[in-house]
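Visitor: Note that my numbering has the sequence shown beginning at 419, numbered continuously upward.
C-beta atoms are modelled at their ideal positions from N, C-alpha and C, and glycine is treated no differently.
So that we are looking at the same thing, I have put the structure below in structure tokens.
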Amino acid sequence: MNDITPKQIYNRLSKVYDRSYKEPIHKIEDEFVYKYLAENGFTDGKILDIGSGTGVLLNHIGIKPDNYVGLDISERMIEISTEKFPNHEFIKGTMSNMPFDDESFECVISLFGSFSYSLNHRKTVLEIKRVLKPNGKFLIMAYGTKYQKRESYILNHFKINSPAKFFKGKELKNLFQDFGNVKILGMTWLSELVSKHFSYTLAKNYHFLETKFIGSIIPDKFYFQIITGQKNAKTLLH
Ligand SMILES: C[S@@+](CC[C@H](N)C(=O)[O-])C[C@H]1O[C@@H](n2cnc3c(N)ncnc32)[C@H](O)[C@@H]1O
419 MNDITPKQIY
429 NRLSKVYDRS
439 YKEPIHKIED
449 EFVYKYLAEN
459 GFTDGKILDI
469 GSGTGVLLNH
479 IGIKPDNYVG
489 LDISERMIEI
499 STEKFPNHEF
509 IKGTMSNMPF
519 DDESFECVIS
529 LFGSFSYSLN
539 HRKTVLEIKR
549 VLKPNGKFLI
559 MAYGTKYQKR
569 ESYILNHFKI
579 NSPAKFFKGK
589 ELKNLFQDFG
599 NVKILGMTWL
609 SELVSKHFSY
619 TLAKNYHFLE
629 TKFIGSIIPD
639 KFYFQIITGQ
649 KNAKTLLH
């Protein structure tokens, strides 16, 4: 039984969060994810960042304040992101009951595991669908089952029992089955090991090849499951 909620956990970890992911593999993952977002149209139009944390997305991609809203359940994370990016809007709330009007965003993004902490994944998916505009896109990075044992997982580091859900690709696909063009990409498998023994450049190239060539074939082997898709104009809300 977990007696500590995601909100309590991230309130507690807020001050150390930005310092916690400093190994070469984390930089490689950042470079991959932020490039992928920009190259695949996930930074166009008005963006909702769910589980925005300390506002890390804005460290990497320049998004105008009018085009960005961050949502997070932890008031301490909201405080830090607001201090770092005072012109951007960060709102305290839960992803399974979002304080936004229907059809408000062109893109919904959730990076580095936030979606895994939802206490009601089905409801969160319906909320994503509700707040997306017709033809709007989503990119959600959930923890894969392998992530539970990852040494650098912040909750493992601080010996906190994780309340997160660690997903298999099929489970995620089922959750998002009402959307169009749904794809799953696994990110980071053997490249973490490679990054510990070889140069940064070699590990970065290996990470790219691993993701590109087998990430979509055997995503369950990977730490992260990146799911993308689109709300078709004809997708019904229910
Ligand atoms: C692993 S951190 C990821 C933060 C950020 N996306 C990043 O890339 O660094 C998870 C974040 O999700 C937030 N979170 C957890 N449950 C949430 C919920 N139900 N609704 C909104 N945010 C939530 C936590 O407070 C925390 O800031």
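What runs of the beta strand (DSSP E), each 3 residues or longer, lie entirely inside the region 521 to 565?
Guide: Those beta strand (DSSP E) runs which fall completely within the region 521 to 565 and span 3+ residues are 523 to 528 and 550 to 561.
Visitor: Extract the residue ranges of the alpha helix (DSSP H) inside the region 565 to 623, only unbroken runs of 4 or more that lie entirely within it.
Guide: Taking only runs of at least 4 residues, the alpha helix (DSSP H) segments lying wholly in the region 565 to 623 are 572 to 575, 587 to 593 and 609 to 615.
Visitor: For residue 609, verify whether its CB is less than 7 angstroms away from any heavy atom of ligand 1.
Guide: Start at 1 with the first residue of the sequence shown, and residue 609 comes out as number 191. For ligand 1, not one heavy atom lies less than 7 angstroms from the Cβ of residue 609.
Visitor: Secondary structure at residue 641, three-state DSSP: helix, strand or coil?
Guide: Position 223 of the sequence shown, counted from the first residue, corresponds to residue 641. If DSSP states are grouped into helix, strand and coil, residue 641 belongs with coil.
Visitor: Would the beta-carbon of residue 509 be found less than 7 angstroms away from any heavy atom of ligand 1?
Guide: Taking the sequence shown and counting its residues from 1, one reaches residue 509 at position 91. Because no heavy atom of ligand 1 lies under 7 angstroms away, the Cβ of residue 509 does not count as near it: no.
Visitor: Between the region 531 to 540 and the region 454 to 469, can you find at least three pairs of beta-carbon atoms closer than 8 angstroms?
Guide: Contact between the region 454 to 469 and the region 531 to 540 is present, because at least three Cβ pairs lie under 8 angstroms.
Visitor: Can you pull the DSSP bridge partners for residue 648?
Guide: Within the sequence shown, numbered from 1, the residue matching residue 648 stands at position 230. DSSP output for residue 648 lists 555 and 598 as bridge partner(s).
Visitor: Determine contact between the region 629 to 645 and the region 562 to 579, defined as no fewer than three beta-carbon pairs at a distance below 8 angstroms.
Guide: With the cut-off at 8 angstroms, the region 629 to 645 and the region 562 to 579 touch.
Visitor: Alpha carbon to alpha carbon, how far is residue 516 from residue 465?
Guide: The residue given as residue 516 occupies position 98 in the sequence shown. The residue given as residue 465 occupies position 47 in the sequence shown. Those two C-alpha atoms are separated by around 14 angstroms.
Visitor: Assign residue 569 to buried or exposed, taking buried as 16 or more other Cβ atoms, counted over all protein chains shown, within 10 Å of its Cβ.
Guide: The residue given as residue 569 occupies position 151 in the sequence shown. The residue is exposed, with fewer than 16 neighbouring Cβ atoms inside 10 Å.
Visitor: Below 7 angstroms, is the gap between the Cβ of residue 512 and the nearest heavy atom of ligand 1?
Guide: Working through the sequence shown from its first residue, we reach residue 512 at position 94. Yes, the beta carbon of residue 512 sits closer than 7 angstroms to at least one heavy atom of ligand 1.
Visitor: What number of angstroms, rounded off, separates the C-alpha of residue 494 from the C-alpha of residue 421?
Guide: To locate residue 494, count along the sequence shown from 1; it is residue 76. To locate residue 421, count along the sequence shown from 1; it is residue 3. Their backbone Cα atoms lie some 19 angstroms apart in a straight line.
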